[in-house]
Amino acid sequence: MYTLHHSPPTLSPSLPLLHHSFPLPLPSFHLHSPPLPLPTVPSSSFHPQSPPVPPPLSTTTVVFGHSKQLWAVAVNQLDGTVATAGYDKHIVKWRENQLEWRIQAQSECVSVAVHPMGTVISAGTIDGHLVVLNNNTGLHVATVRVCGSPLSCLAYNPGGDILAVGSQNGSLYLYKSSKDGFVYNRFGRMTGSQPLSSIDWSTSGRYMQTVTSDYDVTYWTVRELSKVKNSLDVRNETWVTQTSPLGYMVHGVWGGGKEAHIQVTVDRGPRGDVLAAGDTDGYIRLYRYPVLSMRAGYHEYKVYTSYVSGVRFSHTDNYLYTIGGTDAALMRWRLT
Numbered sequence: 001m002y003t004l005h006h007s008p009p010t011l012s013p014s015l016p017l018l019h020h021s022f023p024l025p026l027p028s029f030h031l032h033s034p035p036l037p038l039p040t041v042p043s044s045s046f047h048p049q050s051p052p053v054p055p056p057l058s059t060t061t062v063v064f065g066h067s068k069q070l071w072a073v074a075v076n077q078l079d080g081t082v083a084t085a086g087y088d089k090h091i092v093k094w095r096e097n098q099l100e101w102r103i104q105a106q107s108e109c110v111s112v113a114v115h116p117m118g119t120v121i122s123a124g125t126i127d128g129h130l131v132v133l134n135n136n137t138g139l140h141v142a143t144v145r146v147c148g149s150p151l152s153c154l155a156y157n158p159g160g161d162i163l164a165v166g167s168q169n170g171s172l173y174l175y176k177s178s179k180d181g182f183v184y185n186r187f188g189r190m191t192g193s194q195p196l197s198s199i200d201w202s203t204s205g206r207y208m209q210t211v212t213s214d215y216d217v218t219y220w221t222v223r224e225l226s227k228v229k230n231s232l233d234v235r236n237e238t239w240v241t242q243t244s245p246l247g248y249m250v251h252g253v254w255g256g257g258k259e260a261h262i263q264v265t266v267d268r269g270p271r272g273d274v275l276a277a278g279d280t281d282g283y284i285r286l287y288r289y290p291v292l293s294m295r296a297g298y299h300e301y302k303v304y305t306s307y308v309s310g311v312r313f314s315h316t317d318n319y320l321y322t323i324g325g326t327d328a329a330l331m332r333w334r335l336t
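Numbering (the UniProt record's numbering), first residue to last: 1 to 336.
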């Protein structure tokens, strides 16, 4: 270890000491020219050692999911691809569990439908606009102003030449769809008093059934653009889809008495032998179709924290897609 020691200075004896008997004057200095200006230094030179700014980081999306309430799901019955739309304004196309494309609309979306020919995807917004997109690319095709209320449900007829649009104002708007779903012209409006939540077309294309938010079933005739006065007129009709949670063929889902959960969404499989139902408490049930008895057996799964906003079967009945409204989650189930 090394230590430093400080000692006071000493005078060397070989050097004579100088003694002055009178004080010596202090030297004085006089400037005979103006002072030189101080050099100016650029501000950037004050930090010669500052590190260079790094380039911006590049990011890659690993998993995409809706970030706000998710209310709309539809399945392409030709190839099984899935479309979703939600309050985050995103309209998304999925192929199995992979994102194919997504676009952002100008308003929150609450409904979605796929054209029967698989050419376009249509979405309804909360401010009453219908947004039509190319199914293959996601490019914008058209935006149609329908009304000033949310468009809560959409459904194409079997041929794809008519699109029915249900609104929160209780009205049902009919649009003629031409050029494989790329052009829309309104030709009718049928007025109701309660918000609509689902639409099903009859196989013949002559009738529709709708369900309101107060759980009332209404039948409509396309030819007369009015409500069907006598429900017996449609008793022999078969329906292309069964998304209505009310009706004779599905009334068994309401079994359970006063403690029963409120069923808000159902879907019948393409082969017509199975029915999925979702309720307000986050449960999904799987039944044999038709569900005619209040004591019908079922498989039940607790999936979401609250509202199940949609259930849809794949085009082959092998998979079931479900969405949770406030959970903003899309789930894919395999049926075995």
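Yeah, the Cβ is synthetic: ideal placement off N, Cα and C, and Gly gets one too.
The structure displayed is predicted, hence computed values, not measured ones.
| Query | Result |
| --- | --- |
| Straight-line CA distance for Pro290 to Val250? | 6 angstroms |
| Within the same chain, show all residues whose beta-carbon is closer than 6 angstroms to that of Ala277, passing over the 5 residues directly before and after it, in chain order. | Val253, Gln263, Val266, Arg285 |
| Rounded to whole angstroms, what is the Cα-Cα separation between Val132 and Pro54? | 42 angstroms |
| Where are the alpha helix (DSSP H) runs, 4 residues long or more, that stay fully inside the stretch 199-267, in chain order? | none |
| Is Phe182 closer than 8 angstroms to Leu174 when the C-beta atoms are compared? | no |
| To the nearest whole angstrom, what separates the beta carbons of Leu154 and Val112, a pair I think is in contact under 8 angstroms? | 7 angstroms |
| Is it true that the CB of Phe313 sits closer than 8 angstroms to the CB of Pro245? | no |
| For Asn185, which residues in the same chain have their Cβ closer than 6 angstroms to its Cβ, ignoring the five residues on either side in sequence? | Lys176 |
| I need the DSSP call for Val63, collapsed to helix, strand or coil. | coil |
| Ser197: which of Arg235, Thr210, Ser204 sits nearest, CA to CA? | Thr210 |
| Select from Tyr207, Tyr215, Arg268 the residue whose C-alpha is nearest the C-alpha of Met190. | Tyr207 |
| Quick one: grab the DSSP three-state call for Leu335. | coil |
| On the DSSP letters alone, give me the boundaries of the beta strand (DSSP E) that Phe187 sits inside. | 183-190 |
| Hey, Ser107 and Ile126: beta-carbon distance below 8 angstroms or not? | yes |
| Short of 8 angstroms in beta carbon distance, which residues of its chain neighbour Leu292, apart from the five on each side in sequence? Order them along the chain. | Tyr248, Met249, His251, Gly252 |
| If you draw a straight line from the C-alpha of Arg235 to the C-alpha of Val274, how long is it? | 21 angstroms |
| Who are the near neighbours of Gln194 in its chain, counting only those whose CB is closer than 8 angstroms to its CB and skipping five residues on each side? | Gly170, Thr212, Ser213, Asp214, Asp216 |
| Decide if Lys89 is buried, meaning its Cβ has at least 16 other Cβ atoms within 10 Å, or exposed. | buried |
| Between the Cα of residue 378 and those of Cys147, Asn76, Glu237, Gly148, spot the shortest distance and give me the residue it belongs to. | Limits of the chain in this structure are 1 at one end and 336 at the other, which puts residue 378 out of reach. |
| Could you tell me the distance, in whole angstroms, from the CA atom of Arg334 to the CA atom of Ile323? | 15 angstroms |
| Please report how far the alpha carbon of Arg332 lies from the alpha carbon of Leu57, in whole angstroms. | 33 angstroms |
| What are the boundary residues of the beta strand (DSSP E) that includes Glu108? | No beta strand (DSSP E) contains Glu108, which DSSP labels as neither H nor E. |
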